[in-house]
Structures are given as C-alpha cells and as structure tokens.
Amino acid sequence: MKSVKIFLLSLMSLVCICAVSCSDVKLMNNGYENVVIAINPGIPEDPMLIPKIQEMVRSASNFLYKATKHRAYFQDVKILLPITWSSQSYYQRPSTQSYEKANVIIANPHTQYGDDPYTLQYGQCGDKGRYIHFTQNFMLDDALIQVYGDRGSVLVHEWAHLRWGVFDEYNDLAPFYAVGNTFEATRCSKEIKGLKASCTGGTCGACDPSTGLPDADCNFFPDQNQVTSSSIMYTTGLPGVVDFCDNKTHNREAPNMQNKMCNERSTWDVISKSDDFKNNHPTNIASLEPKFTFLHAKDRVLCLVLDTSGSMSWENRIQRLQQAAGIFLLQIIEDQSYVGIVGFHGSATVIHELTVIESEDARKKLKNLLPKTASGGTNICAGVRAGFQVLGGDDGATNGDEIVLLTDGEDSGISSCFSEVEQSGAVIHTIALGPNAAKELEQLSSMTGGLQYAATDKLDENGLVDAFTGLVSGNGNMSQQSIQLESSGKSIASNDWFNGTVFIDKSVGKNTFFVITWETDTPQMFIRAPNGKLYRNGNFEMDTVLLTARLPIPGLAHSGAWMYSIQNGAGKPQVITITVTSRAADENIPPVTVNAHLNQDTTSFPNPLIIFAEVSQGFLPVVGAKVTATVERAVGQPVNLELLDNGGGADAVRNDGVYSRYFTEFLGNGRYTIKVSVQGKDGIVRLTTRKQSHAMYIPGYVQNGQIHPNPPKPPVDRNNSQIQLGSFNRVKTAGACIVTQVPAGTPPDVFPPSKIKDLRAAIVGDAIQLKWTAPGDDLDQGTASFYEIKFSKNFTQLRDDFPNAQSVNTTDLKPKVANSEESFTVSENIELKNGTVIYFAIQAFDGNLSSALSNIAQAALILASPPPTSQPVQTIEPTQPHNTVVINISEILVIVGIVVIVVSLIISITVCVVTKKRQGRVSPS
4 MKSVKIFLLS
14 LMSLVCICAV
24 SCSDVKLMNN
34 GYENVVIAIN
44 PGIPEDPMLI
54 PKIQEMVRSA
64 SNFLYKATKH
74 RAYFQDVKIL
84 LPITWSSQSY
94 YQRPSTQSYE
104 KANVIIANPH
114 TQYGDDPYTL
124 QYGQCGDKGR
134 YIHFTQNFML
144 DDALIQVYGD
154 RGSVLVHEWA
164 HLRWGVFDEY
174 NDLAPFYAVG
184 NTFEATRCSK
194 EIKGLKASCT
204 GGTCGACDPS
214 TGLPDADCNF
224 FPDQNQVTSS
234 SIMYTTGLPG
244 VVDFCDNKTH
254 NREAPNMQNK
264 MCNERSTWDV
274 ISKSDDFKNN
284 HPTNIASLEP
294 KFTFLHAKDR
304 VLCLVLDTSG
314 SMSWENRIQR
324 LQQAAGIFLL
334 QIIEDQSYVG
344 IVGFHGSATV
354 IHELTVIESE
364 DARKKLKNLL
374 PKTASGGTNI
384 CAGVRAGFQV
394 LGGDDGATNG
404 DEIVLLTDGE
414 DSGISSCFSE
424 VEQSGAVIHT
434 IALGPNAAKE
444 LEQLSSMTGG
454 LQYAATDKLD
464 ENGLVDAFTG
474 LVSGNGNMSQ
484 QSIQLESSGK
494 SIASNDWFNG
504 TVFIDKSVGK
514 NTFFVITWET
524 DTPQMFIRAP
534 NGKLYRNGNF
544 EMDTVLLTAR
554 LPIPGLAHSG
564 AWMYSIQNGA
574 GKPQVITITV
584 TSRAADENIP
594 PVTVNAHLNQ
604 DTTSFPNPLI
614 IFAEVSQGFL
624 PVVGAKVTAT
634 VERAVGQPVN
644 LELLDNGGGA
654 DAVRNDGVYS
664 RYFTEFLGNG
674 RYTIKVSVQG
684 KDGIVRLTTR
694 KQSHAMYIPG
704 YVQNGQIHPN
714 PPKPPVDRNN
724 SQIQLGSFNR
734 VKTAGACIVT
744 QVPAGTPPDV
754 FPPSKIKDLR
764 AAIVGDAIQL
774 KWTAPGDDLD
784 QGTASFYEIK
794 FSKNFTQLRD
804 DFPNAQSVNT
814 TDLKPKVANS
824 EESFTVSENI
834 ELKNGTVIYF
844 AIQAFDGNLS
854 SALSNIAQAA
864 LILASPPPTS
874 QPVQTIEPTQ
884 PHNTVVINIS
894 EILVIVGIVV
904 IVVSLIISIT
914 VCVVTKKRQG
924 RVSPS
C-alpha cells in the first residue's frame, strides 16, 4: 500500500510543474549551465537512480556536442532531490531551483501512459517547451534502450523540443504518405532505409497483401546500419543517426509536426538560428564532462513583505490587502511551512518572525497581525532587506526561501538592492496593486524566477485575491496544494441577488472554504449543498471589520452542484465577491487542475499575446471543457476570450488538453492581468492521452535483410480512469504582462488572419474534399474576407511559388467565423487516375493582409493491386533476445528455389518414365 501511495503522489505532483517557466538555463562558453533535473517527491529513494541520471547526462553531453557541430554541451547540471530522501553531507540547499521550474523531471507515470519520454510543448515553432519527463522505469530498465535508443540520445532529442522549439519528424497518426503510385515512410531524411512490414500474431509479411497499401498494422522497420546520419528528431534508436536534418537532407514533403509547425524548415535551420547559437560559434572543448551538484529540497519558508505607505489608504487598498492576504494565510499556505510578515513604507518593520504553520490557531494569529494602517512614503528595498532578515531566522540563510512583495507605489531607488537580491538565492514573487506600482517591480521576480501578478482597483474582478490564491508551493506535492474553484464578483443593486453555482467534483473536497466579501453592509448569504443542506449567515465566520465572511465545510464536501444566493440588503449598490477553494479529496487520486500562463511577460504592440491553459488530471489531458480568459487591460473594460483546443490559430494540437488563443484587443499601455476560468460538464469532458513531442517507440530493426521486431508497445486504454470526470469548476491566474507602444485611441488593424495549420485533403468520388479550421480577420478572431486556394502536382512548386500555382475557383466559398470547420469540394481541372498525387495550400485574407501559407495537404489515389507474384511469402523464426522474431528473406529464397528444382526434377523423371512405358507398348510396323 505504501508503494501505491508513493506512485500516486508522484502522479499527482507532476501536474503543478507547468504553471511557470523552466529554470534559468544559460549557454556560457558553449556550455549549458544551471540545468535542473528534479526527482518527484513520490519516487522512493533508490541508490541506482542518481548514477543512471549521471550516466545519461554524460552520454548526452557528448552526443549534444557532436549534434550541434561543436557548439554546445552540458557543463553544469543540478540534481534536485526530494525532501522525502535522506540527507547527505555533500547535498546543498537549493536557491532559485525548484521542482516546478525544473528542466527535466523524473516521475512515475499514469498506468495508461507507459514509459514514453516526452516534452510538454505547446508553443509555436522556436518557442521553448515546459519540461521533459522521464519515468523512473525508463531511467532504470536497460531493456527500454532497445525500443527508444540510448538515454543520452533521447535526452538530446527531448532537449531540442524543450530548448529550441522543434518538433518530431515521424508521425504516429500519418506514418506513410504517397509518392507517385507508392508510399514512403514519414521520416527525415528520406535516405533512412528500411522495410515496410506488418507483424501480427507471430507472423510478418507485406503490408496489407490484399491491396499493397499500408494498413493499421503496417510499420516501417529501419535498417540497423544506415548510410545517412540524420535525423535525431526522427529517431534516437539508430547508432549512426547523430545529426539533425539540415537544408540538404530535410524531407519537406513528410506530413510531420516539424513541417506543419515550422513551415517546412529543417530542424537544424530552426536550431542554428535560435538565441542560443546567434553568437555561439563552434569551439574545441577539451572535456565534455558535466559538473554535478546535488540539491536537497526543504520545507517552504516565506515572508510577506507588504506595502503600508500612504497610497495604500486609497481605494480601500489596505483593507483589501487584509482580505486577500488573510485568505492566503488561512487557506492557501501549506501546513508545516514557515511564514513571517514585514510591513514597509519609508522604512521597514518586522511585524512577526517566522512561525511554523501547524494549526488553525497559528494561521489566525498571523492573519490578525496583518497591517491595518497606511502612511508615509515607499521604500521597497527597505522592505526586501527586512524580509531577508526574517527569512534568515530559521538557519541564517535565504537560499530557496520566498518573499511575497506587494506594493502600490513608485520608488526611484528600487534598483539599489538588485545586486543583493541576485546574491540572496531567494525567490521574490511580486504583486503590483493599482496603476502606479513601480515600473521596475517585475525585475525582482524576473531575476529570481518568481511569479509576477498585478491587481487593479476594480473590486468585481477579485484580482488581489486571485493573486494570493495563486501562490501555492512549488515542491511537487499536489495533494498539499489549495485549488481555486471559483472567483467571481459583481456590483449588486440594492435588494438584488448575486446567484451562481460551483461544481465540486470527486477529485477535491477536503478543506473546502467559501469566502464572501462586500463593501459596506453585510449581505444575506445562502449556500445550498448538493444534499440539500442550507448554510446561512449564522454558519459563517464573520469579520465585520474586514467585511469578510468565511464558511468552512467540515469533513469532505459533497460532490455536485453547490448553489449560492447572496442578497445586497444595503440601500445602495455594492460589490460582492465570492471565492471558493478546496484540496484533493484523496491523496491517492490526482485532482483536476488548470495551469495558465502567457507566452511572454512583456510585449510591445503589435506583437500579440498568446494565452495558454492546460487542463489535466495527473498526466491525462482533459478535453471538452469550456475555458475562458478574462483580460484586465490598462484602461477600459475587461475582455472575455474563449480559449480553444482545436488545433487552429494559436493552438498547436487538437484535443491535447491545452486551450489557447491569441489576444489582440490592446487598449492602453501598462500591466494587463489574465485570469482563466474552466467549466467542465458531466458527459462532455473526457480524458485523453498526449500524442506529441515524445521519443519514437521503434517497432524493430532490419539486419542483413532480417526484420527483428521489438515487443509491441503496450496498448493505451483511454476509457479507463481512476475516477469519472463529473462537472467541475477551476480558476487560475495567468499572471501579468507589461504592454508597451500601444497607440493612443483605437489601435490600427495590423493583425492578419492566422496560418491554417490543419488543412486536410481526401478523394471523395470524382472530386477532392478539403477541410480546415477557419482563421479570423485578426489572427484567430473575427471572420476573414476571402480565401485563395491553389494546387499543383509538384510539391516544391506549390511551396516555393504559390502565386503562380494553379488556382481553385473559390467564388462560392465565403469564409465562416473563426474556429469554424470549413469544407470545400474541388472537382474542376482535376484528373484522377492511379498514381495521382495532388498538393493543396490556402492563404486567408483580411483586405490586404494575408495569412502565412497553410500546411500543404496531399490527396493521393493509389488503386488496389495484388502484390508482385515474385514476392516471397515472409515467415518468421523466434529468437531469444527481447522475445523478438526474425524474417530471413534470403533463406526463404533459397528454400523456394530448392523446392522449385525438386518439383521440376520430379516432373521430368515422371514424364520420362511415362514416355518409356508408352513406347514399350507400341508394336513395330
């Protein structure tokens, strides 16, 4: 039972990692520094794991150096060990490194997912990924080297996903494509040799021998020894494949993610033009041996550093600070954490030294000490220095400790402590309150790897509470973390009602709290549980000074619909807000979570923002949810934007649980804050598996004309789940982005339609049907003006000379609203016969603004035909290693030849005997 709990703890804790960006890796003098490999706290201590990690990194360092043509290797690698592992004298304490920001994590998988090494990657071409995931079994079981390749080579493959934003050059969903009247395996380069075969039930033979076409069981088995040396993004299982495909070897026609996402550019073209290699030239490195540092995680130590300057009395900010920080202390900060409080204005005051959170009384004591008055100027560095003093109260050091810094004021001297901050090893999370917070504030979070939040003075957006509820631990243990289910606010007229429903699903329910705030007069509050129980004002913990009511739900909250009705009994309108938080119901079952972030922390017009929200349960993506981002701009009203998981526009892959959208409605310069709300409905949402950015599972190899199949990949049961997803609600802040260079007034229309990335072509009768997801007039929003569709029998002509390719008559094709499914049938000027291969591409237009050229879709007609009569039937012979089987084609040919000779001899002898007998019976004339 203990091992099961450790396994599930590992599963639950992985999901929190993608809420923030990876650790601050730097390429210095051709060596990568501060690469963090973190072991999940659910992994039991194993003396073999660390040596295996070191062996992998050493191998990867040499492989990377060769693959990048002497431009990079792994110089400095930090291995972060969980707090659950025993301490050693040579272990060091982390500074800004943490599990949630690690580049590589080692965690046990969901039983459905297996041991595929993969990278969580859902940005655009050239964008960095989130993290690399290896399972404990992948690291320890050497038998998996046969199906994935050397671990060091696999790490380099995944590093290319993570660091340089390139994609796989194979395609499990489209393993073959047509070339003339035959099919090629999807690969790069085309010079990789091998055999197409179908191996089932202990027998291998030609793929679908009744038609000669690739069927669902058809695989491409590469030769073990290759003449070509590329490409790493196709497979890491061939010893001779040591290079990335470049412009000379790249296969632009292969229907893979690299071509789709990177406009048919080679992987090396993308890699060589990345920021890493712009000024990093080939160098001879004497030693490629990485330096390993072992870090040991510790309990969370945090200090609230809170602005109490005179401006905090404006807009009731000091009271709102007490409300939001009170929720953090009472409901968010994890048990066994250490917390202190500092207040600052023109100088700083230590309000309370570090206190361990081990009881409800300890939480309430800290909450009651939150600052209540505001006066004086703003000296941010004084507050930070006092925070460092408090953080050193446990062991004299600040490495790995955290500061939550909130301010609403400007401070011209903030840069005076930047060097101290960098040397502290502490992480600073910043919260900018109101429109005038110091412009340099976010530099403190940026240089330390902290989170950056902002909140406006609009009470109905509940922004300050959202910022504090987002400050959960990054230690990797999801069962300890508070999860926000609801965050909503509204200005309610006198005697009107504020009504809503919060769905509490079965994955949460422990430590559930409903918190309601108001401006002036206490409202009438009613919360109805799914079992019919009604909670009223008398059931709440009331704080009439802070204008807050808190309802703790004892035990495990019932799953289902919780309905709230709040009446404003005041004689005038007032803003009422509601916040609902909970924790995992069972430490053995991962909760449904949402992790939201932006593609950048700062942007300048007209560069669009991309908002991402990853919805998952453990490792499994959740699809079918309704996801909405609320963007508070520097000026004007908030904008609500539905995020989509349709593979169009900003979204990279359909149905991968990552919901994305471009944001283009800029208005004013300053901080933009983004909050994501997720609603899942029972019967609509479902779990699926990740299908992209993982090392290829090699079906087998060809040696000396013999196919050596590997054991088949374990099947995935996508209908099985530990719990059934019911209806649920989640809320997560994506942080803040600083926007500049927005023109005054209404910004000009500068955004073209987004690229169409999912164009498909299929022959239907005597015509070709095209399907794609509609772009908008502004990237993936609105409606495009018109489409231009062209085709050619020559891929290169269509790709490189689209304007001069043959046009399709699109007079009757009127674009639909963005993200609709488009369908169009092409029949004119199309001649279909055996071996016909036609390529199609589209551009969308908004007046004079055009999208990038779409992916190129292929329509192919390969008529069924029996295999050649000279083709021998292939049989297999089992062999011992890895339960593989061998097809010996040369032996089959010899046997068939012998059989033919023997049969011929028998026939000849028989004819001779019969002839002589007949001659003996004939009388002489």
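Just remember that the numbering used here sits 3 ahead of the position in the sequence shown, which is counted from 1.
All residues carry an ideal CB built from backbone N, CA and C; glycine is no exception.
Keep in mind the model is a prediction, meaning the values are calculated, not measured.
DSSP places isoleucine 330 inside the alpha helix (DSSP H), whose first and last residues are 320-330.
For the region 489-524, the continuous beta strand (DSSP E) assignments of 3+ residues that do not extend past its boundaries occur at 500-507 and 511-520, in sequence order. Between isoleucine 556 and phenylalanine 501, the CB-CB gap reaches or exceeds 7 Å. Between the alpha carbons of leucine 165 and valine 38 lies a gap of roughly 12 Å. In the structure shown, glutamine 809 adopts extended strand secondary structure according to DSSP, grouped into three states. Between arginine 689 and leucine 728, the beta carbon gap of about 7 Å places them in contact (Cβ cut-off 8 Å).
Non-local C-beta neighbours of valine 753 in its own chain, meaning closer than 7 Å and more than five positions away in sequence, comprise Pro609, ordered along the chain.
According to DSSP, residue pairing for valine 182 in a beta bridge involves Thr185. Assignment of valine 393 by DSSP, reduced to helix, strand and coil, places it in the helix class. Residue burial annotation: phenylalanine 297 is exposed, with fewer than 16 other C-beta atoms found within 10 angstroms of its C-beta.
Of the residues Asn402, Ala400, Asp761 and Ala440, the one whose Cα lies closest to the Cα of isoleucine 417 is Ala440.
The residue among Asp118, Ile431 and Thr239 with its C-alpha nearest the C-alpha of arginine 388 is Ile431.
At least 7 Å separates the beta-carbon of glycine 390 from that of valine 475. Cα atoms of phenylalanine 295 and threonine 203: separation of roughly 45 Å, rounded to the nearest angstrom. For the pair histidine 355 and glycine 346, the CB atoms are not nearer than the 7 Å cut-off. Nearest C-alpha to isoleucine 865 among Cys207, Phe186, Ser340 and Gln124: Phe186. Ranked by how close their Cα comes to the Cα of aspartate 414, the residues Ala470, Asp310, Ala429 and Lys368 have Asp310 in first place. Per DSSP, tyrosine 68 has no beta-bridge partner at all.
Using a Cβ distance threshold of 7 Å, tyrosine 173 and tyrosine 237 count as a contacting pair. The Cβ atoms of valine 634 and tyrosine 675 sit closer than 7 Å to each other. Straight-line spacing of the CA atoms in proline 85 and lysine 301 works out to 8 Å.
Residue state for alanine 588 is assigned as coil, using DSSP reduced to three classes. For methionine 545, the enclosing beta strand (DSSP E) starts and ends at 544-546. Of the candidates Arg664, Glu337, Cys420 and Asp279, the residue whose Cα lies closest to the Cα of glycine 129 is Asp279.
For histidine 600, there is no enclosing alpha helix (DSSP H); the enclosing beta strand (DSSP E) covers residues 595-601. Taking 7 Å as the cut-off, the Cβ atoms of isoleucine 792 and tryptophan 775 do not count as close. Counting the other CB atoms within 10 Å of its CB gives glycine 197 a total of 16 or more, which places it among the buried residues. In this structure, leucine 601 sits near alanine 737, with a CB-CB distance shorter than 7 Å. Contact annotation: the region 330-340 touches the region 476-486, with at least three C-beta pairs closer than 8 Å. With contacts defined as CB atoms closer than 7 Å, threonine 582 and valine 511 fail to qualify as a contacting pair. Going by C-alpha positions, glutamine 487 is about 50 Å away from isoleucine 288. When DSSP assignments are scanned along the region 726-803, the uninterrupted stretches of beta strand (DSSP E) that are 3 or more residues long and fall wholly within it turn out to be 731-743, 763-767, 770-776 and 789-795. Judged by DSSP secondary structure, phenylalanine 297 falls outside any alpha helix (DSSP H) and instead within the beta strand (DSSP E) spanning 294-299.
Between the beta-carbon of threonine 451 and that of alanine 429 there is about 6 Å, and that keeps the pair under the 8 Å contact cut. In this structure, serine 490 sits near valine 734, with a CB-CB distance shorter than 7 Å.
Following the DSSP letters along the chain, one finds tryptophan 317 in no beta strand (DSSP E), marked with neither H nor E.
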